[in-house]
Amino acid sequence: MRRLFTALADLCAVVVFAFIGRMNHDEGLTLQGVFSTAWPFVLGGAIGWSLAYLYAHMRADHGSPYPFRPERVVPDGVLIWVGAVAVGMVLRHQFHQGVAFSFIIVATIVLGLFLLGWRAARVTALRRRAVTA
Numbered sequence: 000m001r002r003l004f005t006a007l008a009d010l011c012a013v014v015v016f017a018f019i020g021r022m023n024h025d026e027g028l029t030l031q032g033v034f035s036t037a038w039p040f041v042l043g044g045a046i047g048w049s050l051a052y053l054y055a056h057m058r059a060d061h062g063s064p065y066p067f068r069p070e071r072v073v074p075d076g077v078l079i080w081v082g083a084v085a086v087g088m089v090l091r092h093q094f095h096q097g098v099a100f101s102f103i104i105v106a107t108i109v110l111g112l113f114l115l116g117w118r119a120a121r122v123t124a125l126r127r128r129a130v131t132a
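If you're matching positions, the sequence shown starts at 0 in numbering that gives the first Met the number 0 and goes up one per residue.
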């Protein structure tokens with residue numbers, strides 16, 4: 000259940016990113032438009048999830064107890080973020096959707112805030128709850 004929540008939170012983060020971007024550039028807020036903006040980053044995030052999963056299992060194979068926990072900020076969240084941005088930009092370039100340097104910077108920062116931010120807020124909330132309990 001925790002992984003499902005994490006996957007849905009990441010999907011929502013990317014869709015909100017696409018929605019805000021389209022809204023700020025007056026590109027129209029149709030379902031098709033938001034999908035066309037979001038899909039490269041959603042696919043990149045899925046590849047980032049795969050990388051985080053592989054990383055966890057490679058470490059476990061070498062004797063380190065390292066379960067796959069995509070809700071963690073480091074390293075799982077960072078791998079998911081990097082995958083979303085890197086693969087998303089490559090796909091946007093391949094499908095002629097535009098990858099201006101300024102867009103790469105903005106997407107990296109905003110997706111980092113969205114994909115890592117909710118994870119950091121979760122950790123903070125859990126720590127506060129543990130202290131007050």
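Yeah, the Cβ is synthetic: ideal placement off N, Cα and C, and Gly gets one too. What you are looking at is a predicted structure, and each value in this text was computed from that prediction instead of being measured.
Determine the burial state of residue i: buried for a count of at least 16 other Cβ atoms within 10 Å of its Cβ, exposed for fewer.
i	result
residue 177	In the structure as shown, the chain starts at 0 and stops at 132, and residue 177 therefore has no counterpart that could be examined.
residue 100	exposed
residue 94	exposed
residue 57	exposed
residue 5	buried
residue 17	buried
residue 88	buried
residue 108	exposed
Would you please state the rounded distance, in angstroms, between the beta carbons of residue i and residue j? I believe it to be under 8 Å.
i	j	result
residue 70	residue 1	6 Å
residue 122	residue 72	7 Å
residue 34	residue 52	Actually they are not in contact, since the Cβ atoms of residue 34 and residue 52 sit about 25 Å apart, beyond 8 Å.
residue 13	residue 83	7 Å
Measuring straight from C-alpha to C-alpha, what distance separates residue i and residue j?
i	j	result
residue 60	residue 111	29 Å
residue 114	residue 77	8 Å
Quick one: what does DSSP say residue i is sitting in, helix, strand or coil?
i	result
residue 71	coil
residue 22	helix
residue 92	helix
residue 0	coil
residue 116	helix
residue 76	helix
Requested in this report: Could you say if the stretch 55-65 and the stretch 12-27 meet the contact criterion of at least three C-beta pairs nearer than 8 Å?
Outcome: no
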